[in-house]
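Data block below; observations after.
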Ligand code: HEM
Ligand SMILES: [Cu+2]
């Protein structure tokens, strides 16, 4: 469970940093405003939807971190046999990275107001993300064909579980991306809205790419060495 | 709604942030059923939670009848009893209290108390309720599924939760339970995002964080915690579902059941316990923090005094929230662990007692020499404080490794957590409903029925759970459906058990009276007016009662002061609403 504690510590730093700016030491009972005082809006100037997504990503982050925590705890037990990583995953990773780049490019074009480029970029990111999912399914099939079934070994179970969870999150992101695409296509949404939507998609996409890279490293076993080092440091 | 004295002709500065565009519903269906209005969603959440709560209450009657008069209801056998315990515990903690405090009060109060028109993501908010309803329906369905609901205990510990020896283990029970939890968590996350981001972004002008009522602080912090803690339950549920349906061995060790080697191999039940309590301990505070917040506001309003140590109260809420994430393993003393860890967890557990105790002091100091009105909300708030103190003292025993080991799994533990987690928050729920019902409906709840409800519930709860501590010290185990003629149980204990059961039935009946009151007063209650308690917070300053869609009419309120200006020296009335500015350039110090 130390992984999730580290994650929470990170969040705690962010929360503390935010709270430090909120004047939590003020004495509200002494500070009564007058009608002529400019009573100010106290929220952030960052768009609300973006803050919402940020909070959501923290939750998703906690979710995957907990899966990783469970992974490490289960890995320590005797019956663990690492699963070979299908080579296809490398290609999938590249496709997902491509998708992320496409959204980023779309975001820049949206800022510039090039609607046609935005349309193209959205389609490209959508297609590559779908490609990633199909690739993941193929990787599953490859493993099943090679006789690595889900219940045979905890390493297998975790592989399917974790990649499946990540896939579901990408699928959810596709819904949002699809809706944005449709809205741009219909052509009656104001540019500001489109910009924001694309920006949110980009945020989510980069985050899911990052999650995937961490998961990939974990499943491929590179993380094991790291854990080994940590363990030696602790004892 | 802005009571700006006419002597002030200074123009109000224009808002630098535009008013939100509000979603407008066009049909009856989208207004009352698939509503995106937080107030309607709040009522939907509350009604659903209370309905399923009645189920849990009836289950507790059945259990108590079995314990007090073994065999009186022949259809209760050991299996049934386990199922009842499990469903009762699960419903009470998650589907009733969590849903009511966050989904119910959170939805109703956050926008109104902060001066917003609605939640920031109304559509997700609506989905949140419907997923919650679906989760409840799946849970109810498990009562009718072949094999009945799961009987694994509300902690759902594997391996037994998915074995055929446990009711529902190899039938539908456990599957439906896990699916229901997963749905609940997804639904909650949608709602929770709303509560958090509305507090961050939806506040009216002038509503700084330190001007927020403590109710909002409590709900806000609890929601942040829930958003981070529920994923652990989600992970545990998904993994257990895999173990049950796909034959994986995340949690399931190699087990021989009825002479047959099961397909599971080498899994770790302890891993489940870690995940479960990583959620389970914060869950206690997810229920407690909103209760703390609400109680602070009830006390301040009904004692006509500002809350003592507002700043400390805020910090205490935040600190409790943070600390409760690092103490989960104190629930696992009996599972065995490295003594050093045991010490760490025991210490942090005791440290949490400090900010908690601080809150109790501050409540008492708020009451001290206050102008205490013994209204129904106040009575319930006082009952909460007494109960919480009590439960907290027994909790100090259990937080200690040495004492916990022999007492764990006795009725002492049952009595303790019912005091702290059951009775105490329920008192706040009642107090809050008596307090805000006038705003929700425009009518007061009937006073006579309310007083009967209060005294029966309060005294009854003590008569139920005090004797139970004693039974626990005698060594009576929990989750036993029958004692049999066990040697260490004296005959007087049986009489005591019968007494507890009768009290439980009476207390339950009082809750029926309460529910009746809710419906009766809706039509026949006394007219409440807009601000019957003469309270300062914004929800009482709406232009009409009950507040309409959009809450505030044309102009959003502007906040000029904190939420606790009661009995301000020199003021015309003994309360000054938050949206009332100071009339002139004389500051508070000069007035007093
Ligand atoms: C009239 C009120 C209540 C009565 C008479 C009652 C009675 C009981 C009984 C008899 C048990 C089983 C004890 C055992 O044999 O182990 C139990 C368990 C439990 N109750 Fe209550 N209860 C009440 C209210 C509540 C409330 C409001 C909560 C909310 C937190 C709650 C939460 C639980 C939990 C978590 C368990 C443990 C379930 C388990 O062991 O898995 N109860 N209750
Ligand atoms: Cu705990």
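Residue numbers (my numbering), protein chains in the order written: chain A, 332 to 566; chain B, 504 to 1095.
Glycine is no exception: its CB is placed at the ideal position from the N, C-alpha and C atoms.
Taking residue i as the reference, give the member of the options with the closest Cα.
i: residue 919 of chain B; options: B/670, B/865, B/688 and B/967; result: B/967
i: residue 667 of chain B; options: B/957, B/942, B/747 and B/897; result: B/747
i: residue 573 of chain B; options: B/1027, B/1074 and B/1001; result: B/1001
i: residue 757 of chain B; options: B/770, B/749, B/582 and B/745; result: B/770
i: residue 788 of chain B; options: B/740, B/588, B/959 and B/827; result: B/827
i: residue 1070 of chain B; options: B/635, B/874, B/894 and B/941; result: B/874
i: residue 452 of chain A; options: A/470, A/499, A/482 and A/525; result: A/525
i: residue 352 of chain A; options: A/374, A/471, A/342 and A/457; result: A/374
i: residue 941 of chain B; options: B/774, B/1047 and B/643; result: B/1047
i: residue 709 of chain B; options: A/456, A/364 and A/354; result: A/364
i: residue 463 of chain A; options: A/394, A/347 and A/500; result: A/500
i: residue 896 of chain B; options: B/538, B/860 and B/925; result: B/860
i: residue 815 of chain B; options: B/882, B/885, B/767 and B/713; result: B/713
i: residue 993 of chain B; options: B/1006, B/975, B/1005 and B/1007; result: B/975
i: residue 665 of chain B; options: B/562, B/743, B/706 and B/1081; result: B/743
i: residue 852 of chain B; options: B/862, B/831, B/928 and B/866; result: B/831
i: residue 633 of chain B; options: B/820, B/687 and B/862; result: B/687
For ligand 4, any of its heavy atoms closer than 8 Å to the Cβ of residue i?
i: residue 833 of chain B; result: What this structure holds is ligand 1 and ligand 2, not ligand 4.
Return the bridge partner residues of residue i from the DSSP annotation.
i: residue 1078 of chain B; result: B/1069
i: residue 829 of chain B; result: DSSP, once it has assigned bridges, lists no residue as partnering residue 829 of chain B.
i: residue 763 of chain B; result: B/760
i: residue 676 of chain B; result: B/652
i: residue 1085 of chain B; result: A/365
i: residue 447 of chain A; result: BP columns for residue 447 of chain A are empty, so no partner.
Tell me which same chain residues have a C-beta within less than 6 Å of the C-beta of residue i, skipping the five on either side of it?
i: residue 944 of chain B; result: 1025
i: residue 921 of chain B; result: 968
i: residue 669 of chain B; result: 654, 655 and 663
i: residue 396 of chain A; result: 334, 335 and 338
i: residue 516 of chain B; result: With a pLDDT of only 48 at residue 516 of chain B, under the threshold of 50, the placement of this residue in the model should not be trusted; the figure read from the coordinates follows. No residues qualify anywhere along the chain.
i: residue 730 of chain B; result: 695
i: residue 571 of chain B; result: 1000, 1001 and 1004
i: residue 876 of chain B; result: 805
i: residue 1084 of chain B; result: 1063
i: residue 506 of chain B; result: Any reading at residue 506 of chain B needs caution, since the residue's pLDDT is 41, under 50, leaving its predicted position unreliable; the model's value is listed next. Answer for residue 506 of chain B: 1083, listed in chain order.
i: residue 1034 of chain B; result: 1043
Our contact map puts residue i next to residue j with C-beta atoms below 8 Å; I'd like the distance itself, whole angstroms only.
i: residue 618 of chain B; j: residue 1062 of chain B; result: 6 Å
i: residue 740 of chain B; j: residue 684 of chain B; result: 5 Å
i: residue 658 of chain B; j: residue 779 of chain B; result: 6 Å
i: residue 946 of chain B; j: residue 1038 of chain B; result: Their Cβ separation, rounded to whole angstroms, is 17 Å, which puts residue 946 of chain B and residue 1038 of chain B out of contact at 8 Å.
i: residue 934 of chain B; j: residue 887 of chain B; result: 7 Å
i: residue 1096 of chain B; j: residue 793 of chain B; result: Because chain B spans 504 through 1095 in this model, residue 1096 of chain B falls outside it and cannot be assessed.
i: residue 810 of chain B; j: residue 858 of chain B; result: Contact doesn't hold; Cβ gap of about 15 Å is too wide.
i: residue 964 of chain B; j: residue 926 of chain B; result: 5 Å
i: residue 956 of chain B; j: residue 881 of chain B; result: The Cβ separation is near 14 Å, so there is no contact.
i: residue 437 of chain A; j: residue 529 of chain A; result: 5 Å
i: residue 690 of chain B; j: residue 638 of chain B; result: 6 Å
Keeping to the same chain, check which residues put their C-beta closer than 7 Å to that of residue i; ignore five residues upstream and five downstream.
i: residue 450 of chain A; result: 515 and 516
i: residue 430 of chain A; result: 456, 459, 460, 463 and 536
i: residue 1079 of chain B; result: 1039, 1064, 1068 and 1071
i: residue 510 of chain B; result: Only weak support exists for where residue 510 of chain B lies, its pLDDT of 37 falling under 50; the value from the coordinates is given anyway. Taken in chain order, the residues that qualify are 1086.
i: residue 1042 of chain B; result: 612, 615, 616 and 942
i: residue 569 of chain B; result: 576, 579, 584 and 984
Between which residues of its own chain and residue i is the CB-CB distance below 8 Å, once the five residues before and five after are set aside?
i: residue 893 of chain B; result: 922
i: residue 410 of chain A; result: 484 and 485
i: residue 512 of chain B; result: In this prediction, residue 512 of chain B has a pLDDT of 39, which is less than 50 and means its spatial position is unreliable; what the coordinates show is noted afterwards. Result list for residue 512 of chain B: empty, nothing under 8 Å.
i: residue 1018 of chain B; result: 553 and 557
i: residue 1006 of chain B; result: 963, 966 and 967
i: residue 346 of chain A; result: none
i: residue 640 of chain B; result: none
**Prompt:** Hey, is the region 603–614 of chain B in contact with the region 534–547 of chain B, meaning 3+ C-beta pairs nearer than 8 Å?
**Reply:** yes
**Asked** Does the region 407–420 of chain A touch the region 451–471 of chain A, meaning 3 or more C-beta pairs lie closer than 8 Å?
**Response** yes
**Three CB pairs or more closer than 8 Å across the region 701–718 of chain B and the region 795–805 of chain B** = yes
**Request:** Assess, as a yes-or-no matter, whether the region 401–408 of chain A is touched by the region 721–728 of chain B under the definition of 3 or more beta carbon pairs within less than 8 Å.
**Result:** no
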